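K.L.:
Number of protein chains: 2
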Amino acid sequence: MSLEGAIKSDSAGILDQPMGETEGIDFEIIELLFFAYRDFISDPDAILDTSGFGRAHHRVVHFVNREPGLTVAALLDTLKITKQSLARVLKQLIDSGYIEQVAGPEDRRQRRLFPTDRGRELALALARPQSCRIANAMEGLDESGRAAVKTFLSGMINPVTRGAALDEDDTNEGQEQ
Amino acid sequence: MSLEGAIKSDSAGILDQPMGETEGIDFEIIELLFFAYRDFISDPDAILDTSGFGRAHHRVVHFVNREPGLTVAALLDTLKITKQSLARVLKQLIDSGYIEQVAGPEDRRQRRLFPTDRGRELALALARPQSCRIANAMEGLDESGRAAVKTFLSGMINPVTRGAALDEDDTNEGQEQ
DNA sequence: CAATTTATGTCAACATAGCTGACGTATTCG
DNA sequence: CGAATACGTCAGCTATGTTGACATAAATTG
């Protein structure tokens, strides 16, 4: 199959100028964020490849370790995924002995999630290289610089629509179904 | 099917303390990065849903617009994906008239990628909300604060192993095959 | 107490976007 | 000419997200 004919030799309707300062858009930071995050998750990814888990498991293990006893609903809200998505990885983590479930002490419908020692160690092993990378990137910054980074990152996050959690007059709302 | 028996009621081998200051790991920034990036890509994602494209298309359109005329090899190196992965989305973008290919002027084996007007507009439409979000997050910061953010993000990125691009004595290296 | 709502689990099917392996084709280069 | 290079493509697999529908146990409410 000849590729000729599908490939232009002239420059009709084509832009050859880089998308630069248009509309005052800061493409530099957009790209920095892309590359930074890509490399930021590459460290844990490499570890996870060994144990047969993926990024999804990483997030679950992380937040369960950060807040032992959190409910499935709370975890879903944090991760912003569906329960069917969570179920797959959570089941594997429970079956492999990284996380355990305990019926809620007051509301016994709840399944509160706790890390095992093994789960804690995995979470730490995954956090360690990320922490190193962060410490490295912070190295040259003073206290105000580090504070600026936190302010920036916090400002990038969507405000928690507190109303959504209170205006629950709707049957079957949210990401459910 | 009864769930009873699968759910622990005691607290054997379970950790109930949050993973906090262990080993001086900065879990706060780790999470800030996770949430910040998640919300950062949610804006373009919403737009892409409309046009039937995904994140993969976004990245391709972005970098082709940022560096018109870049080769497929260069794009693969930037995105750190395989050519088979790229092929799928690139083909769609070309077929839909967002990107065009031009045979390299010197090396005619190359397929240099250029955005069309349509492609440029898509890239801008996707960058606009991200830029707004960034501007918003930068609002309270002075010049040194903004510089700190850039320094930090740059420091998070893996150093470009310049040697890898020069020590090409290996046949068929890199991600190829 | 009966009815309903809530918290969670689960089955099935599907989409996106990554991957490996293998092979084809056009072009350049030694 | 032959090998290496730049790129395309077919086929199949995996991970992780989605929607829709339905089940079960416990809490809540009329």
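Residue numbers (my numbering), protein chains in the order written: chain E, -1 to 175; chain Z, -1 to 175. Note that beta-carbon positions come from the ideal geometry of N, C-alpha and C, so glycine has one too. Please read all numbers here as calculations on a predicted model, not as lab measurements.
Kindly give me the distance between the Cβ atoms of E/Leu74 and E/Leu88, rounded to whole angstroms, as I take these residues to be in contact under 8 Å.
P.N.:
Translated into positions along the first sequence, residue 74 of chain E becomes position 76. Translated into positions along the first sequence, residue 88 of chain E becomes position 90. Not quite, the Cβ-Cβ distance comes to about 10 Å (not below 8 Å), so this is no contact.
K.L.:
Relative to the C-alpha of E/Arg106, which residue among E/Ser129, E/Val70, E/Asp115 and E/Arg131 is closest?
P.N.:
Against the first sequence, residue 106 of chain E aligns to sequence position 108. Checked all of E/Ser129, E/Val70, E/Asp115 and E/Arg131; the closest Cα to E/Arg106 is E/Val70.
K.L.:
Runs of 4 residues minimum, wholly inside the region 71 to 123 of chain Z: which ones carry the alpha helix (DSSP H) assignment?
P.N.:
Whole alpha helix (DSSP H) segments, 4+ residues: 81 to 93.
K.L.:
Over what stretch of residues does the alpha helix (DSSP H) that includes Z/Phe32 continue unbroken?
P.N.:
For the purposes of this step, residue 32 of chain Z is taken as the residue at position 34 of the second sequence. Phe25 to Phe38 is the span of the alpha helix (DSSP H), which, as asked, contains Z/Phe32.
K.L.:
Can you name the residues that DSSP bridges to Z/Leu139?
P.N.:
For this step, residue 139 of chain Z is matched to residue 141 along the second sequence. Z/Leu139 pairs with nothing; no bridge assigned.
K.L.:
Which residues in chain Z sit within 9 Å of E/Gly143, going by Cβ to Cβ distance?
P.N.:
Counted from its first residue, the first sequence places residue 143 of chain E at position 145. Those within 9 Å of E/Gly143 in chain Z are Ser142, Gly143, Ala145, Ala146, Val147, Thr149 and Phe150.
K.L.:
Contact defined as beta carbons within less than 8 Å: I believe E/Ala121 pairs with Z/Met17. What is the distance between those atoms, to the nearest angstrom?
P.N.:
Mapped onto the first sequence, residue 121 of chain E falls at position 123. Mapped onto the second sequence, residue 17 of chain Z falls at position 19. Yes, they are in contact, since the Cβ atoms of E/Ala121 and Z/Met17 sit about 6 Å apart, within 8 Å.
K.L.:
With a threshold of 8 Å between beta carbons, is E/Arg86 in contact with chain Z?
P.N.:
Within the first sequence, the letter at position 88 stands for residue 86 of chain E. Cβ-Cβ to chain Z under 8 Å: no for E/Arg86.
K.L.:
Show which residues of chain E have a CB atom less than 8 Å away from the CB atom of Z/Ile79.
P.N.:
Here the question's residue 79 of chain Z lines up with position 81 in the second sequence. Simply none; closest approach about 11 Å.
K.L.:
Would you call the region 17 to 26 of chain Z and the region 115 to 133 of chain E touching, i.e. three or more CB-CB distances under 8 Å?
P.N.:
With a cut-off of 8 Å, the region 115 to 133 of chain E and the region 17 to 26 of chain Z count as touching, because enough Cβ pairs lie within range.
K.L.:
Return no unless some Cβ of chain E is closer than 8 Å to the Cβ of Z/Ala34.
P.N.:
For the purposes of this step, residue 34 of chain Z is identified with residue 36 of the second sequence, where counting begins at 1. Yes, because at least one Cβ of chain E sits closer than 8 Å to the Cβ of Z/Ala34.
K.L.:
From E/Tyr35, E/Arg126, E/His55 and E/Ile12, pick the residue whose C-alpha is nearest to that of E/Ile92; which is it?
P.N.:
To locate residue 92 of chain E, count along the first sequence from 1; it is residue 94. Residue E/His55 is the option with its Cα nearest to E/Ile92.
K.L.:
Please confirm whether E/Phe32 and Z/Met154 have their CB atoms less than 8 Å apart.
P.N.:
Along the first sequence, read from residue 1 onward, the residue named residue 32 of chain E stands at position 34. Along the second sequence, read from residue 1 onward, the residue named residue 154 of chain Z stands at position 156. For E/Phe32 and Z/Met154, no; Cβs fall outside 8 Å.
K.L.:
Indicate whether at least one CB of chain Z lies closer than 8 Å to the CB of E/Pro16.
P.N.:
Stepping through the first sequence from its first residue, residue 16 of chain E is reached at position 18. Chain Z, which has a Cβ nearer than 8 Å to the Cβ of E/Pro16, makes this yes.
K.L.:
For Z/Ile45, which residues from the same chain have a beta carbon less than 8 Å from its beta carbon, with the 5 sequence-adjacent residues on both sides left out?
P.N.:
Residue mapping note: residue 45 of chain Z aligns to position 47 of the second sequence, counting from 1. Only Ala123, Leu124 and Pro127 meet the Cβ criterion.
K.L.:
Report yes if the CB atom of Z/Val58 is closer than 8 Å to the CB atom of E/Ala146, and no otherwise.
P.N.:
As a position in the second sequence, residue 58 of chain Z is number 60, starting the count at 1. As a position in the first sequence, residue 146 of chain E is number 148, starting the count at 1. Contact: no.
K.L.:
Run the CB neighbour count on E/Ser152, radius 10 Å, all protein chains shown included, and call it buried at 16 or more, exposed below.
P.N.:
Position 154 of the first sequence holds residue 152 of chain E. E/Ser152 is exposed by the Cβ-count criterion.
K.L.:
By Cβ distance, which residues of its chain are closer than 8 Å to Z/Leu1, with the 5 residues on each side in sequence left out?
P.N.:
In the second sequence, residue 1 of chain Z corresponds to position 3, counting from 1. With a pLDDT of 38 at Z/Leu1, under the threshold of 50, the predicted position of this residue should be treated as unreliable, and no value is reported.
K.L.:
So is the beta-carbon of Z/Leu91 under 7 Å away from any non-hydrogen atom of the ligand ZN?
P.N.:
The ligand ZN is absent from the structure shown, which contains no ligand whatsoever.
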